[in-house]
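To start, the structure under review is shown below, and the notes come after it.
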Amino acid sequence: MAAIINQTIPEFKTQAYVNGEFKEISSDDVKGKWAVFFFYPHDFTFVCPTELEDMADHYEEIKGLGVEVYAVSTDTHFVHKAWADASPAIAKVKYPMLGDGTGKITRGFNVMIEEDNAALRGTFLVDPDGKIKVAEIHDLGIGRSAKDLIRKIEAAQYVRDNDGEVCPAAWEKGKETLKPSLDLVGKI
């Protein structure tokens with residue numbers, strides 16, 4: 005995953021299902037903003053709705069940090085709508101659900117399972133320059149936590165805004181950071 009950190013997100017243009025409507029979304033819409041790309045295998049599955057609902061439950065807090073969430077699977081925007089109509093968990097989703105029927109976006113983030121035409125559970129935090137700052141990939145049976153993602157967003161934003169400072173393990177907003185220097189070597 006180290007190779008993808010600080011890489012620019014791939015260019016894309018696709019249809020999305022957003023709050024009961026279809027909307028075209030492209031990589032140009034992401035420029036200049038913080039974004040989370042939240043890949044999952046398929047609609048109408050088992051772990052996926054729990055993750056999307058967890059993200060929906062934390063969406064306002066994430067939006068409050070100036071971050072947009074984009075859920076992505078290799079299903080189409082039509083399938084996303086049908087899923088939202090059928091599932092109370094997915095009906096709670098207010099963030100864009102990108103259709104990636106061709107797999108172009110999924111391949112661009114290097115999370116495609118080719119033999120299944122499905123995405124791994126990949127989470128990518130993108131800064132306003134379009135650079136990937138956090139990349140996390142889970143096996144299909146392991147769900148993710150929006151709460152932990154929020155901690156990572158806050159750390160990435162802090163580091164961007166405070167040149168020369170870094171966030172130690174399990175750092176939370178308001179806690180002490182570190183300023184790497186020669187006098188810290190061997191003292192941590």
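Its first residue numbered 5, the sequence shown is counted upward by one per residue in the working numbering.
For every residue, glycine included, the Cβ atom is placed at its ideal position computed from N, Cα and C.
All of these numbers come straight from a predicted model, not from anything done at the bench.
Check: Hey, out of M59, L56 and Y74, whose CA is closest to K37's CA?
Finding: Y74
Notebook entry, point to check: Does the Cβ of A160 have 16 or more other Cβ atoms within 10 Å, making it buried, or fewer, making it exposed?
Noted result: Residue burial is scored here from C-beta neighbours: A160 has at least 16 other C-beta atoms within 10 angstroms and is therefore classed as buried.
Check: On the premise that T18 lies in contact with D104, defined as a C-beta separation below 8 Å, what is that separation, rounded to the nearest angstrom?
Finding: About 6 Å separates the two Cβ atoms, so the contact holds.
Note to self: Using the three-state DSSP reduction, which class does K151 fall into: helix, strand or coil?
What the structure shows: helix
Next item on the list: Could I get the ranges of all uninterrupted beta strand (DSSP E) runs contained in the segment 60-131, with 3 residues as the minimum, in chain order?
Entry: 71-77, 101-103 and 125-130
Notebook entry, point to check: Taking the Cβ atom as the reference point for each residue, do T12 and G134 lie within a distance shorter than 8 Å?
Noted result: yes
Check: How is E140 classed by DSSP in three states: helix, strand or coil?
Finding: strand
Margin query: Measuring only the C-alpha atoms, how far is M5 from E140?
Written below: Low confidence applies to M5: its pLDDT is 47, below 50, so where it sits in the model is not reliable, and the reading given next is rough at best. Going from the Cα of M5 to the Cα of E140 covers about 8 Å.
Check: Where does E158 fall in DSSP's three states?
Finding: helix
Note to self: Output needed for I109: all residues of its chain with C-beta closer than 6 Å, excluding positions within five of it in sequence on either side, in chain order.
What the structure shows: Around I109: F16 and V76.
Next item on the list: Label P92 either buried or exposed according to how many other C-beta atoms from any shown protein chain fall within 10 Å of its C-beta, with 16 as the threshold for buried.
Entry: exposed
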